[in-house]
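Numbering (our numbering), first residue to last: 85 to 276.
Glycine included, each C-beta is placed from N, C-alpha and C at the ideal position.
Reviewing the structure listed below.
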């Protein structure tokens, strides 16, 4: 006895297609996904999509091949979502990046905030941009609209005023930017 062809929109034919195709679709998706629960979910979603499209199905291709195409598309989508979820988990486990130390917190322990506030604004600005943000003299000149030579002069005057304000044992700020701020804080202030 030969099987009758499936008729689009016929519910009895869809029921027969479901019973005959379900085990093969499950095996295919289990092989692709390697996860029985995910394969089961994709097969069920496949049949739901197929049922909704059944009245418009065209019998120019075998019905089971049509189901396999739907099921494999769902499996590939599932794998993409799973990879994204796994990547998200990795990022979540890594946590947020540690923020750069707040310059206010960095300098508070060494009484620099008060000393910086006593500097004229042009000197304080040059010191903060240079030592807490790592700007070069050239970058400072561009930002502040003055020559590199003037920057050098402002930084020297600011350091002198800070030494006067904080005392001769104070030392100086790091000279090469943010990376040195951490070592300065741990040596001058200590780890809080």
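Contact test: residue i Cβ vs the ligand SAM heavy atom, cutoff 8 Å
| i | result |
| --- | --- |
| residue 223 | For the ligand SAM, the structure offers nothing, since it holds no ligand at all. |
Straight-line gap, residue i to residue j (C-alpha atoms, nearest Å)
| i | j | result |
| --- | --- | --- |
| residue 188 | residue 243 | At residue 188, the pLDDT of 45 sits below 50, so the modelled position is not reliable; the number obtained from the coordinates is stated separately. Spanning the two alpha carbons is a distance of roughly 18 Å. |
| residue 102 | residue 134 | 10 Å |
| residue 166 | residue 118 | 12 Å |
| residue 174 | residue 234 | 49 Å |
| residue 98 | residue 116 | 25 Å |
| residue 148 | residue 139 | 16 Å |
| residue 178 | residue 216 | 26 Å |
| residue 48 | residue 169 | Because the chain is modelled from 85 through 276, residue 48 falls outside the range shown and cannot be assessed. |
| residue 88 | residue 151 | 18 Å |
| residue 220 | residue 157 | 55 Å |
| residue 230 | residue 214 | 14 Å |
DSSP-derived helix/strand/coil call for residue i
| i | result |
| --- | --- |
| residue 205 | helix |
| residue 216 | coil |
| residue 278 | Residue 278 lies beyond the range of the chain shown here (85 to 276); nothing can be said about it. |
| residue 150 | helix |
| residue 145 | coil |
| residue 89 | coil |
| residue 125 | helix |
| residue 180 | coil |
| residue 172 | helix |
| residue 94 | coil |
| residue 236 | helix |
| residue 225 | helix |
| residue 251 | coil |
Segment limits, alpha helix (DSSP H) that includes residue i
| i | result |
| --- | --- |
| residue 230 | Premise fails: residue 230 is in no alpha helix (DSSP H) and is neither H nor E. |
Neighbour-count burial assignment, residue i, 16 or more Cβ in a 10 Å radius
| i | result |
| --- | --- |
| residue 127 | buried |
| residue 105 | buried |
| residue 113 | buried |
| residue 210 | buried |
| residue 137 | exposed |
| residue 203 | buried |
| residue 155 | buried |
Quiz prompt | Segment contact, 8 Å Cβ cut-off, at least three pairs: the stretch 139 to 146 with the stretch 160 to 178 | solution = Touching, no.
Quiz item: Taking one C-beta from the stretch 196 to 209 and one from the stretch 233 to 250 each time, how about it: are there three or more such pairs within less than 8 Å?
Solution: Judged by Cβ distances under 8 Å, the stretch 196 to 209 makes contact with the stretch 233 to 250, as three or more pairs qualify.
Quiz item: If we count Cβ pairs, one from each stretch, closer than 8 Å, do we get three or more for the stretch 235 to 242 versus the stretch 213 to 224?
Solution: Yes: the two stretches touch, three or more of their Cβ pairs being nearer than 8 Å.
Quiz item: Counting Cβ pairs, one atom from each stretch, are 3 or more of them under 8 Å apart for the stretch 115 to 134 and the stretch 87 to 94?
Solution: The stretch 115 to 134 makes no contact with the stretch 87 to 94: fewer than 3 CB pairs, one atom from each, lie closer than 8 Å.
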